[in-house]
Every structure is written in C-alpha cells, then in structure tokens.
Amino acid sequence: MKSLRLGRDRSLSFLDLPEPPPPEPEEVQVQMAYASICGYDMMMLSGRAAYPKDGCLGHEGSAIVTAVGSRVSPADFRVGDRGTIMPYASCGQCDACRSNRPEYCVEPGGRSDLMTERLNLSQKQIYRLPEEVSLQAGCLMEPLMMAMHAISKANLSYGRSVILLGCGAMGQIILKLVRRHPVGRVVVVEPDPEKRMAALRFGADMVLDPAGPGILFETLQASGGMGYDAVIEASGDRGSAQMALNIVARGGAVVYFGLYGMDFNLEVNLFSLYWKDAVISCVCVPSGQFPAALAMAGGLHLEEAVTAIYPFSAAIHAFEEKATGRHAKVMLRFLPPEELERRERGSIRPSNAAEGME
Ligand SMILES: [Zn+2]
Ligand SMILES: [Zn+2]
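Letter 346 of the sequence shown, counting from 1, is numbered 1775 in the numbering used here, and no numbers are missing.
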C-alpha cells in the first residue's frame, strides 16, 4: 500500500509500505476514505514550515473501519463504521494535561500521516460519524474545530460587525460559522472572483476585491468609517495581516487565523491599539472541541467548501492544483466514488466539487 511523503528536498513521492498488522487490542484499523490538503501541508511543501517527522503528510481525514482490536467495544466501533480522525493527542502526564489544558501539552502526539491508504489508529483518535455527516464533511472536522476556535476568539455577539479577510477553504468554513451567530454586517475581502461568489452564497453581505491601493479606504468606508467589531484574518497574506490592525473598531477583536510563515514580524502601533482598547488573538490547536464540531457539522454543508477531489493516485497533481490558489478545499479520495457512495449511510448533500482527472 502507498503513503504520500515529503522528501527532504520538499518534493512529493509515494512510499511503498507493508499492510498494517492486525490492530492492537485498543486500536481500530481503517481504510482511509478522504484526506484533505491543509494550508499547513502547503507550507511544509514550500519550506515555510518545519519538515514533518518521517516526511508524513495529512491530518484531516475520514475513514472506514475495517478491523477492530479485541478490547474495542462494538458499542464504539464495528467493521464498516464511518469515522473521522482526531489528529491530536496529548501525553496525559505533563502539568498542562493534568491542569485540563491538553492543548498546551509539552509532548503532544497524534497522527499526521493520514495520506496513507490504511492505518491502525488508537480508538481514542477516531470518532464515529453521525448519520447526517458525510465522509466528505467528516474529513473536515479538524478544520471545523479550528474555525470554531477562531470564532470563539472573535467575541461575536448581537449586531456586531464582522470582516473576514480571505475566503479560501478556511475562510468559507469560518463564514458559515459566523452566519450561525446573530451578528450585524458581514464583509468579506477576497481576491479570487469565484471565492467572492462563494462568500456571497455562504452569507456575506458585501464582498470586496483587495486588488488596488484603495482597499483600506474601501473596507473602512464599508463599515461606516468606524471599523469592525471582529476582524478575522484568514488569508495568510502578510499585507492583509498588517491591514487587519487598521480596520478594527474600538473595543474590537482581531483574530489571526492564517499562517504567515516563521519569519514574519507584524508591525503593531501600540498607541493605536491602546486607543481602540482592542484585542489581538492567534489561533493554535484547541482541544475538547472535536465532539462539538461533530455536533455542529450536520447543518453546515461543509462539502460546499470542497472545489476539487482527486483520486489518491493523483495526489501529487492535487498538490500542484492546490498551489495555484484557485481552489478552496482540495481532497484526496482513497476509494472509487461508487464505493464511497455505498459506504455512506443516511442522506448526503450533493457536493459542488468537480471530480479531478484520473
Ligand atoms: Zn489542517
Ligand atoms: Zn501533556
């Protein structure tokens, strides 16, 4: 079986691996269904993020259970169950873990090798998908959990104005969540015309193209000159990261969700922020939010954020496509579409995803 790996020269290739052994007592064995390409995978590929252990890739995935260990209760997992993989794990022993803050674990573990056909996973790292969540949406539980974390830092409330900078895959998921809150006006800034159209479909009141020198003025004007109560930066663009500080309203919050590279220093005018009494937040990995993400997912139609699906055998091409910037979420599928369709139970919302080339 194959596993996609990143070489030291940051090139992609398939590694031949033996099939996994029978699962250990508390493990389940899975056949991957989908894995999606994250912005972080792209940063590792481009060298803007550290080289991953063993060159492994993939931390967003859904799967089908193919075998269960002897101590796995059938109430939890049976062969044929559909699941989503929680990629993060904590040691359980360090001070952070023992203070109920496992997201700050000093020795975090987990799985980041989901671009592999078949795997044995600790049963703690897989959640059964609720009937109303498709395998495609189930692949997006980690991004949804991250988006929920960003929202929690944006202090959304009745009538608050929101601006979202960047409407790629994560921006689109964030926008869907913003629209679940009773906020006021929602403005989206996005350079790609198709992504601006997606923003309008997903509930933006206004979309702006950041091309050209007038974007700062345009965004402020669109807020009535007051700035925005919540500024969510999800483009990963350094200029946009800088602009975010200039468009936050007094008492507002700026949330940096994007990845800006290890060498980027933001210039902050502290006097201006003091006057605004504003908050700046960043978003790393939350914990304990995976069940909440699963509970939210049914009504969000996350498949709508998927713009291309490629068979796993075309994964290298899928990464090239993702690198063009044209796409929102790009997914790899590990089984033929008909078989995945058969594996789904319950109704699936049709996806607008275009099937990639074999
Ligand atoms: Zn991710
Ligand atoms: Zn720990």
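Ideal Cβ positions, reconstructed from N, Cα and C, are used throughout, including at glycine.
If you're wondering where the values come from, they're calculated on a predicted model, not measured in any experiment.
- For Cys-1485, the Cβ stays outside the 7 angstroms cut-off from all heavy atoms of ligand 2.
- The beta carbon of Cys-1485 lies closer than 6 angstroms to those of Ser-1541, Asp-1542 in the same chain, with the five residues before and after it left out.
- Sorting Lys-1624, Glu-1749, Met-1471 by C-alpha distance to the C-alpha of Pro-1639 places Lys-1624 at the top.
- In the structure shown, Val-1612 falls within a coil segment according to DSSP collapsed to helix, strand and coil.
- Residues lining ligand 2 by the Cβ criterion, that is a Cβ closer than 5 angstroms to any of its heavy atoms, are Ser-1519, Cys-1520, Cys-1523, Cys-1526, Cys-1534 in chain order.
- Residue selection by CB proximity (closer than 6 angstroms to any heavy atom of ligand 1) returns Cys-1467, Tyr-1469, His-1488, Glu-1489, Glu-1571, Pro-1572 in chain order.
- Within the same chain, Tyr-1480, Gly-1484 come within 8 angstroms of Arg-1437 by CB-CB distance, once the 5 residues on both sides are set aside.
- With a minimum length of 3 residues, the unbroken runs of beta strand (DSSP E) contained wholly in the region 1712 to 1776 fall at 1735 to 1740, 1758 to 1762.
- The region 1700 to 1709 and the region 1719 to 1729 do not touch, with fewer than three beta-carbon pairs separated by less than 8 angstroms.
- No Cβ-Cβ contact shorter than 8 angstroms links Ala-1566 with Gly-1538.
- In this structure the region 1712 to 1721 touches the region 1577 to 1590; the number of beta carbon pairs closer than 8 angstroms is three or more.
- In the three-state reduction of the DSSP assignment, Met-1544 falls in the coil class, being assigned neither a helical nor a strand state.
- Note that the region 1608 to 1616 does not touch the region 1687 to 1694; fewer than 3 beta-carbon pairs, one per stretch, sit closer than 8 angstroms.
- The C-beta separation of Gly-1521 from Tyr-1556 comes to about 18 angstroms, leaving the pair out of contact by the 8 angstroms criterion.
- Beta-bridge partners assigned by DSSP to Gly-1632: none are found.
- Put simply, the backbone Cα of Arg-1527 is about 30 angstroms away from that of Cys-1568.
- Secondary structure note for Asp-1524: its alpha helix (DSSP H) is the uninterrupted segment 1524 to 1527.
- Spatial neighbours of Phe-1506 in its own chain (CB-CB distance under 8 angstroms, excluding positions within 5 residues in sequence) are listed in chain order as Val-1457, Val-1494, Val-1497, Gly-1512, Gln-1552, Ile-1555, Arg-1557.
- Non-local C-beta neighbours of Gly-1490 in its own chain, meaning closer than 7 angstroms and more than five positions away in sequence, comprise Met-1461, Tyr-1463, Ala-1464, Ile-1514, Leu-1543, Cys-1568, ordered along the chain.
- Taking all protein chains shown into account, Arg-1439 has fewer than 16 neighbouring C-beta atoms within 10 Å of its C-beta and is therefore exposed.
- Spatial neighbours of Ile-1602 in its own chain (CB-CB distance under 8 angstroms, excluding positions within 5 residues in sequence) are listed in chain order as Leu-1569, Pro-1572, Leu-1573, Ala-1576, Leu-1729, Leu-1731, Ala-1734.
- The C-beta of Arg-1630 has fewer than 16 other C-beta atoms within 10 Å across all chains shown, which makes the residue exposed.
- Per the coordinates, the alpha-carbon of Pro-1642 lies some 59 angstroms from the alpha-carbon of Val-1501.
- Around the beta carbon of Phe-1646, a 10 Å sphere encloses fewer than 16 other beta carbons of the protein chains shown; the residue is thus reported as exposed.
- For the pair Ala-1659 and Ser-1710, the Cα-to-Cα distance works out to about 11 angstroms.
- Ala-1752 sits away from Tyr-1739, with the two beta carbons spaced by 8 angstroms or more.
- The three-state secondary structure of Ile-1592, taken from DSSP, is strand.
- When only Cα atoms are considered, Asp-1634 and Pro-1449 end up about 50 angstroms apart.
- Annotated three-state conformation of Val-1677 is strand, per DSSP.
- Counting of Cβ neighbours within 10 angstroms places Cys-1713 among the exposed residues, the total staying below 16.
- In the three-state reduction of the DSSP assignment, Leu-1637 falls in the strand class, which pools E and B.
- Cβ atoms of Leu-1433 and Ala-1744 come within 8 angstroms of each other, at about 5 angstroms.
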